[in-house]
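Enquirer: Sharing a structure, written as structure tokens. Questions coming.
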Amino acid sequence: MDAVELPTSEELLVRFTGYDYAVFVIALALSGAIGLYNAIKGSPGETLPEMLTGNKELPVWPVGTSLMASFISAAFLLGNATEIYANGTMYFMTVISYFITIPVTAHFYMPIFYNLPIVTAYEVSAPTFRLYSNV
């Protein structure tokens, strides 16, 4: 088996072109502009629950994309590729569990959490574990 040749730093710098820098700068500028806009325009009377949950009035699209972004992380993508390389495509049998657990979670657990007067899931366990933790 041949050794893998890694590119040198000079070769990597040549690969990072002006287009790459432009995309990076635009993404950074847009993110900063959104932050500045919300910092300037944001209402001063906003409470923490209003800021974190949108007063439970957010549309489905932003909530869904936020959940997907947190579920499909870089570690998830890289880990799945490694898992399939190491153990074969039988890993995709876990997808069957998604078809069962996602509807069960959406229809049984989410309504309970939605109606609770809490902001984070940590507030659910706080009364239970307060005796054991001083956090």
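The numbering of the sequence shown is the UniProt record's numbering, which starts it at 1 and goes up by one. Positions of the beta carbon are idealized from the N, C-alpha and C atoms, including for glycine.
#1: Below 8 Å on the Cβ atoms is my contact criterion, and I expect L52 with V119 to pass it. Report the Cβ-Cβ distance as a whole number of Å.
#2: Straight-line CA distance for S73 to N55?
#3: For the alpha helix (DSSP H) containing S70, list its first residue and its last residue.
#4: So Y91 and I84 are in contact, right, with Cβ under 8 Å, and what is the actual spacing, rounded?
#5: Alpha carbons only, please: which of L12, T17, A106 is nearest the one belonging to G64?
Expert: Walking through what the data contain:
#1: 5 Å
#2: 26 Å
#3: Start and end: 60–71.
#4: 5 Å
#5: Proximity to G64 across L12, T17, A106 peaks at A106, based on C-alpha coordinates.
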